[in-house]
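Take a look at the structure below.
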């Protein structure tokens, strides 16, 4: 099976380990086999190991070691952040975040709604079962 | 500024001279760039090297200044050449090594690690003759030259499956890890 996501200049990746977990970054340079220089608007340009990066499907057109201004423009043009959040991966992350942020009252409401729905379904099911007998 | 790594070896600029004497009231001042774990060891190394080069030792000399040298652009990937003299089990050898790194301290740390692993040379047996930033055309080693591609592209062939935090590690897992990348 051929590879679809490559480490390359402009590749958008997600940090999946460490104190910066969950941040989107763009690879602006490859230092060596294990490390990349990574950058994003409102983040400092820094070195990250590939072991901490999960490559996404998205890529922006930037030159090697692009300045922040060019990076911002390229990201805005490609609208990467919005596209990522609309992708199934992004939606999954959003759902996980929403679930983690629920309060006990929200969970109670969800349980009540689930029970109500189940009761309605069972009512119809039982009536159909009685007819079938 | 983002701290680029925790370096064991730091670079110091040590400036020293012989003490002024009746014979010579303004002795020549010498400056050395030295690699050491801290400034105390840097000054010690300075005297060690200067003793071998000039007729001066710590007892009849003085340190004028000792400053740490920091990386000018710690967010720019560079090629570093390190010239090294080391004592092996059977003799003394010179070596030239190249590293891709973001800071000179990082490259020198890589050098110490590599010398220890490849040649079993301990840091105390290594003398750094010279370090330099090597430009792209002068690099000699294939493993640094392979990253000199503007359109570099390679896949990550093996997905690293690990929990996002060490607290989430469990001894048993329900499924075998899926390490496939596409």
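Residue numbers (the numbering used here), protein chains in the order written: chain A, 1 to 133; chain B, 134 to 315. Glycine included, each C-beta is placed from N, C-alpha and C at the ideal position.
Worksheet item: In whole angstroms, what separates the C-alpha of residue 284 (chain B) from that of residue 34 (chain A)?
Response: On the second chain, residue 284 (chain B) is found 151 positions in, with the first residue counted as 1. On the first chain, residue 34 (chain A) is found 34 positions in, with the first residue counted as 1. The alpha-carbon atoms of residue 284 (chain B) and residue 34 (chain A) are separated by roughly 17 Å.
Worksheet item: Do you know whose CA, among B:206, B:150 and B:204, lies nearest residue 191 (chain B)'s CA?
Response: Residue mapping note: residue 191 (chain B) aligns to position 58 of the second chain, counting from 1. For residue 191 (chain B), the nearest C-alpha among the options comes from B:150.
Discussion item. Here's a check: name, in chain order, each residue in its chain whose Cβ is nearer than 6 Å to the Cβ of residue 244 (chain B), leaving out the five neighbours to either side.
Written reply: Numbered from its first residue, the second chain carries residue 244 (chain B) at position 111. Closer than 6 Å at the Cβ level, and outside the excluded window around residue 244 (chain B), lie 215 and 230.
Worksheet item: Is the shortest distance between the beta-carbon of residue 287 (chain B) and the beta-carbons of chain A less than 8 Å?
Response: On the second chain, residue 287 (chain B) is found 154 positions in, with the first residue counted as 1. It does: the Cβ of residue 287 (chain B) has a partner Cβ on chain A nearer than 8 Å.
Discussion item. Which runs of the beta strand (DSSP E) at least 3 residues long sit entirely within the segment 30-102 of chain A? Give them in chain order.
Written reply: 35-40, 43-49 and 53-59
Practice prompt. Closer than 7 Å by beta-carbon distance: list the chain A residues that pair up with residue 234 (chain B), in chain order.
Written response: The sequence position of residue 234 (chain B) within the second chain is 101, counting from 1. Simply 31.
Item to complete: Pick out whichever of B:308, B:309 and B:140 has its Cα sitting closest to the Cα of residue 203 (chain B).
Response: Working through the second chain from its first residue, we reach residue 203 (chain B) at position 70. Looking at the Cα atoms, B:140 is the closest of the given residues.
Discussion item. Helix, strand or coil for residue 109 (chain A)? Go by DSSP, reduced to three states.
Written reply: To locate residue 109 (chain A), count along the first chain from 1; it is residue 109. Helix at residue 109 (chain A).
Discussion item. On the DSSP bridge list, what partners appear for residue 313 (chain B)?
Written reply: Counted from its first residue, the second chain places residue 313 (chain B) at position 180. Beta-bridge pairing links residue 313 (chain B) to B:291.
Fill in: Cβ-based neighbour list, residue 78 (chain A), same chain, cut-off 6 Å, excluding 5 preceding and 5 following
Counting from 1 along the first chain, the entry for residue 78 (chain A) is found at position 78. Closer than 6 Å at Cβ, skipping near neighbours: 60.
Worksheet item: Is residue 172 (chain B) helix, strand or coil by DSSP?
Response: Counted from its first residue, the second chain places residue 172 (chain B) at position 39. Residue 172 (chain B) falls in the helix class under three-state DSSP.
Item to complete: Compare the C-beta of residue 126 (chain A) against all C-beta atoms of chain B and say whether one is closer than 8 Å.
Response: The count along the first chain starts at 1 and reaches residue 126 (chain A) at position 126. No - not a single Cβ of chain B is within 8 Å of the one on residue 126 (chain A).
Worksheet item: Over what stretch of residues does the beta strand (DSSP E) that includes residue 269 (chain B) continue unbroken?
Response: Stepping through the second chain from its first residue, residue 269 (chain B) is reached at position 136. Note, residue 269 (chain B): premise wrong, no beta strand (DSSP E); not H, not E.
Fill in: Within chain B, partners of residue 9 (chain A) - CB distance below 8 Å
Looking up residue 9 (chain A) in the first chain gives position 9. In chain order: 283, 284 and 285.
Item to complete: Would you mind listing the alpha helix (DSSP H) stretches within the segment 202-231 of chain B that are 4+ residues and don't spill past its ends, in chain order?
Response: none
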